Structure formats: C-alpha cells, structure tokens
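In our numbering, the protein residues as written are 13 to 240.
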C-alpha cells in the first residue's frame, strides 16, 4: 500500500506523495496521507474497531490526512462534498521553461520553493504553452479566450464567471513548444531581425539574432473525444 501511494522515505510522520480522490459523481480533489499509523496497521488482515476506525467487518488500512502537515494540499475542513471518494493512482509531473531550458519536476509546482526538484530536459527552449480544447469546439488559454485565474488551469466548476465550462468539458490539449538557435554573431547578421513568435496568450518577443521554431501538436484525451 505504501509503494502504491508513493510513500516518501524518511518523512516524519510518514507521508505519501500527491494523491487524488475521485468520487461517484466525478468530482475530484488533491489528497495526501500524512501518517500511515504503522503500529495499528501491522495486522490489517483482521477487522479493526475503536476510535478512528469505521468498524467494518473486513480488513482496513488506517491513515490520517492532517491539513497542517500537507503543505496546503489537504483542506482544513476535509472534503465534505465528495460522495464515497476513492483513491486514484495518478502521477503528477510539472513542466516549465526557465533560462532557455525546458525543465521537469515530479509533483505540483511549489509556490513556496519554486526551484525545488526541477531538472533540465532540453536547452534552447523559450516557450511552452498549453491550451484546452473543449467538447463544444472552443479552445481556451488562447490569445482570444483566456482562463480567468492565477494558474490558467480549468477549475472543477465554471470559468470564467458566467461561462458554463469546467475541467470535465476538456476533451483535448493543444501543446505548443518554441525553440531557438544560438545567437548569430553580428558578422553574419548585422541587426536583430527575428523574434520569438506569438503562442496562445503570449505575445511575440522582441527582435533578436536567433532563429526561432514553433511546433504545435494536438493531444486528445482518451474516452472524451466523443463528448461528455
């Protein structure tokens, strides 16, 4: 169970990686185990009873999810709106472009420690853009239709205010990567005449002495391409 839930070795108390809860209605939420309560789970092939246990007639694994130990992942009030939630095994990987490099991090972006865990994948990448293709044919996070919010990611509910679209309406992604060459010396190009091309909601860059190449591809989400 610890291996399946991404147990972090050496964590105190014992913590899991970033998990997802999905309920019977399709709602979801982030979740992190903050204590595996190993002494009580040593014999989990037998039914348990007492404080904190549901008292089922079958085996149980008892864990806790304390909000204050989860770096903001677990909300203080729990998840009272979820109906019969279940753990979903989903891996989260964050990508970003910084200092001309495409970088990757396991897990979500940490706003309190933004450089933690990132490793460089590719040099001379200057832009990475994600747009969301909805099942009504509209594309959001583009130059004409921007998602309102700090991170540009569709919310579980509607976005922007007054628009009845949500994350469950996403049927595909449009991914754009812009790469660049090394800077050309002035002996070959006397003045700056090229620029990073515009991509989605980001305008074109200033003129420079680099060649730029923009590559765009569309990825459809399995089981959603026929609509909700």
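Glycine is no exception: its CB is placed at the ideal position from the N, C-alpha and C atoms.
Source: prediction; values computed, not measured.
Comparing C-alpha positions only, which one of 202, 183, 129, 212 sits nearest to residue 164? 212
Could you compute how far the alpha carbon of residue 154 sits from the alpha carbon of residue 148? 15 Å
Does the distance from the C-beta atom of residue 95 to that of residue 32 stay below 9 Å? no
Measuring CA to CA, which of 232, 87, 30 is closest to residue 118? 30
Would you kindly check if the distance between the Cβ of residue 230 and the Cβ of residue 145 is under 9 Å? yes
Where the beta strand (DSSP E) containing residue 145 begins and where it ends: 137 to 146
DSSP has residue 132 in a bridge; who is on the other side? 115
According to DSSP, simplified to helix, strand and coil, what is residue 127? coil
Buried or exposed for residue 100, please, with buried defined as at least 16 other CB atoms from any protein chain shown within 10 angstroms of its CB. exposed
Return yes when the Cβ of residue 139 is within less than 9 Å of the Cβ of residue 76, no when it is not. no
Short check: CB of residue 222 to CB of residue 193, under 9 Å? yes
Along the chain, where does the beta strand (DSSP E) that runs through residue 27 open and close? Taken as a continuous stretch (DSSP letters only), residue 27 belongs to no beta strand (DSSP E), as it is neither H nor E.
Compute the Euclidean distance between the alpha carbons of residue 227 and residue 188, then round it to the nearest angstrom. 6 Å
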